[in-house]
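Working notes, beginning with the structure itself.
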Amino acid sequence: MNIALILGDQLSQSIQSLQQLNKQSDLVLMAEVGAEATYVAHHKQKIALIFSAMRHFADELAKQGWQVDYHYYDETRPQLTLCDVLSECVRQHKADQVFITECGEFRLQDEISTTWSQRLGIPVTLSMDSRFLSSKAEFAQWVSNRKQLRMEYFYRDMRRKTGLLMQDGEPVGGQWNFDSDNREPYRGDPAIPSRHTFQRDKIDQDVLALVDRCFGNHPGQLTQFNWPTTREQALFALDVFVNHQLRWFGDYQDAMKTSQHFMFHSLLSTSLNCGLLTAMEVCIAAETAWREGNAPLNAVEGFIRQIIGWREYVRGIYWLKMPAYAKQNFLRNTRKLPQYYWSGNTDMACMSACFQNTFEHAYAHHIQRLMITGNFALLAGVDPEQICEWYLAVYADAYDWVELPNTLGMVMHADAGLLASKPYAASGSYIHRMSDYCKNCRYQVKTSSEHDSCPFNSLYWHFISRHADQFQKNPRMSMIYRSYQRMDDTKKLALQNRAEYLLEHIDEL
Ligand code: FAD
Ligand code: DLZ
Ligand code: SF4
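Per the working numbering, the sequence shown starts with residue 1183, numbered consecutively.
Shown next as structure tokens:
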């Protein structure tokens, strides 16, 4: 008998390990284990999502005639690892071979490929994860042909490969990228559609109770849990997004508004990343909306770019550069992560709004992650490992392959610009322009060095000044360095004093 171990983020009918089994004679194993649920302090909703989606997927397989051995979380043995459960299963069934689809995180992939076969005493065959459009080998090949890595060129190749938004070998609309039409601030119109509430079945309810009981010390709340936990629900969420929100996605992709946690974003990353949806079907649904006149090209192109461009690109970089990538710290940052990242308690209204979203929903949209909580960590010089751990823990869509390049590379610039040619550092003016947060804040966004000035302002100039060696020759930053050089010395000193005061009292903001 052969066993296929299907992991919590491999919940796809097309998963490779399933194709290698014989339905009549072989066995599918799925296991809820403490080791995976606690290797970082995952948000309660993330654990609930994975356990519930795993249970639903196992039921689906069983209904299709697969023999499934499902290991429920064992409250009496919270330390169990996947390999512990697998070895019990191998022993019990006297299995000949184990099939596993390569996993998303280096941590586990490395452990499986270097130790499991020996530990189990039978061959463990790892197969490629064909759910991604670009395999690790194809990405490495793509990189080897270029002097400079740019996501935009990779994205164009993915458009050619998939045929998405292409006509006769050319991009539809005559250009590859419509970003210049996107990124408006939001002024209250059009109305943001409210999010659909999913009915919770017995499986969901059991899992929510289990997580509440066993992972009560993990961050976040369960009360607003509303993630799709079945493929059917995920397809419904895709349909609602494509037909009711996608048309505004491009225009308001970067906009933020108090109490509007989701804006016009899709919330599909959790379903994509655990396997309930495939990247291609999501993109085809978006393309169809454009072809049928239900969404404009700028929105659809922008959305598809995030998936076949950024999502595939960061995965490529991750596998190309791991494990050394995780240790990079180009800016030599060492500051401890301020305590409000875990408690949510801060007077900075923008940060507080993002923390609220994060803890209530295990979600924040891209600009909240990049330009608020990420930007602050960059300006404050937080140790990349600590901020990476935070992002991996608190978002329901977080897996190392996608979280690490986004945080360490895009946000913290710790990879010396491999992912982003300039740091995404910004002062309070950017936040003021793209949101309404500042009007409810105890800090003043218009000033920089007063006792109540917006912390982002002086910290921004402190960042610019302290990293002049790394960035002043960067052509994309030359304008900002010229502005800084033109600033008079009294102003520079006042900014410096305010920033240093803030850094000394960073936990109290
Ligand atoms: P939408 O805004 O609706 O975008 C559509 C889809 O595009 C997303 O579902 C996602 O699959 C993809 N996408 C968009 N941007 C990116 C990106 N930069 N990288 C990869 N895929 C992207 N995304 C994750 O899926 N998991 C993570 O752990 C994660 N960590 C992040 C950490 C930081 C610091 C930052 C700045 C970004 C991170 N992202 C991560 C990317 C992005 O923020 C999320 O994919 C997005 O917010 C998910 O919400 P959504 O489904 O509503 O996305
Ligand atoms: C994230 C997660 C959690 C919380 N729990 C489990 C689990 O109990 N069993 C399982 O198979 N997978 C889980 N996962 C997802 C894995 O951590 C994920 O497959 C690896 O990190 C590789 O991407
Ligand atoms: Fe954030 Fe500064 Fe605006 Fe307050 S004033 S919300 S801290 S940007």
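Built from N, CA and C at the ideal position, the CB exists for glycine as well.
May I ask you to check if the CB of H1253 is nearer than 6 Å to at least one heavy atom of the ligand DLZ? no
Return yes when the Cβ of H1426 is within less than 7 Å of the Cβ of H1547, no when it is not. no
With DSSP collapsed to three states, give me the class of E1474. coil
Go through its chain and collect everything with a Cβ distance to W1583's Cβ below 6 Å, but skip five positions before and after it. So the qualifying residues of the chain are G1286, R1497 and Y1500.
Secondary structure of S1309, DSSP reduced to three states: In the structure shown, S1309 adopts extended strand secondary structure according to DSSP, grouped into three states.
With DSSP collapsed to three states, give me the class of M1348. strand
C-alpha gap between E1284 and T1555, whole angstroms: In a straight line, the C-alpha of E1284 is about 32 Å away from that of T1555.
Quick check: the region 1245-1252 against the region 1194-1212, are at least 3 beta-carbon pairs closer than 8 Å? yes
Give the secondary structure of L1692 by DSSP, where H, G and I count as helix, E and B as strand, and everything else as coil. Lying outside 1183 to 1691, the shown extent of the chain, residue 1692 is not represented and no answer is given.
Sort out for me which residues DSSP pairs R1342 with in a bridge. Per DSSP, none; premise fails for R1342.
Residues in the same chain with beta-carbon distance under 6 Å from S1617, minus the five sequence neighbours each way, listed in chain order, please. M1438
Minimum C-alpha distance to W1358 - residue among A1373, D1292, E1334 and R1369: E1334
Taking T1283 as part of the beta strand (DSSP E), name the residues at either end of that continuous run. In the DSSP annotation of this structure, the continuous segment of the beta strand (DSSP E) that includes T1283 starts and ends at Q1279 to T1283.
Distance between N1455 and R1341 (C-alpha atoms, nearest Å): 21 Å
How many angstroms separate the CA atom of T1405 from the CA atom of D1350? 50 Å
Among E1682, D1651, F1444 and Q1227, which has the Cα closest to the Cα of V1393? Q1227
Extent of the continuous alpha helix (DSSP H) to which A1676 belongs: D1671 to E1686
The region 1656-1671 touching the region 1599-1611, judged by at least three CB pairs closer than 8 Å: By the criterion of at least three beta-carbon pairs nearer than 8 Å, the region 1656-1671 is in contact with the region 1599-1611.
Using a threshold of 7 Å, state whether the C-beta atoms of I1282 and L1243 are closer than that. Cβ atoms of I1282 and L1243: not closer than 7 Å.
Answer yes if the region 1370-1378 comes into contact with the region 1521-1540, meaning at least three C-beta pairs across the two stretches below 8 Å, and no otherwise. no
Among residues of its own chain, excluding the 5 on either side of E1214, which ones have a beta-carbon nearer than 7 Å to its beta-carbon? F1233, M1236, H1253, Y1254 and Y1255
Status (buried if at least 16 other CB within 10 Å, exposed otherwise) for Y1579: Note that residue 1579 is Asp in the sequence shown here, rather than Tyr. Burial call: buried.
Are the CB atoms of N1480 and F1360 within a distance shorter than 7 Å? yes
Taking 6 Å as the cut-off, does the CB of F1444 come closer than this to any heavy atom belonging to the ligand SF4? no
Excluding sequence positions up to five away, which residues of its chain have a Cβ less than 7 Å from the Cβ of S1295? Around S1295: L1308.
Quick check: D1436 and I1613, are their CB atoms within less than 7 Å of each other? no
Is D1565 near the ligand FAD, judged by its Cβ being under 6 Å from some heavy atom? no
The ligand DLZ and I1229: does the residue's C-beta get closer than 6 Å to at least one heavy atom of that ligand? Answer for I1229: yes, Cβ within range of the ligand DLZ.
So if I measure from each beta-carbon to every heavy atom of the ligand SF4 and keep distances below 7 Å, which residues remain? M1530, A1531, C1532, M1533, G1610, I1613, H1614, Y1619, C1620, C1623, Y1625, Q1626, V1627, C1636, P1637 and F1638
What are the residues that DSSP puts in a beta bridge with K1439? Beta-bridge partners assigned by DSSP to K1439: Q1442.
Roughly how many angstroms lie between the CA atoms of F1485 and V1280, to the nearest whole one? 38 Å
Leaving out the 5 sequence neighbours to the left and right, which residues in its chain are closer than 8 Å to S1194 when beta-carbon positions are compared? R1313, G1457, L1458 and T1460
Looking at the structure shown, is Y1573 part of a helix, part of a strand, or coil, going by DSSP? helix
Given the structure, does G1247 come close to the ligand DLZ, in the sense that its CB is under 6 Å from one of the ligand's heavy atoms? no
Return the CA-CA distance between S1534 and I1304, expressed in angstroms with no decimal places. 51 Å
At what residues does the alpha helix (DSSP H) containing Y1612 begin and finish? Following the DSSP letters along the chain, one finds Y1612 inside the alpha helix (DSSP H) bounded by residues G1610 to M1616.
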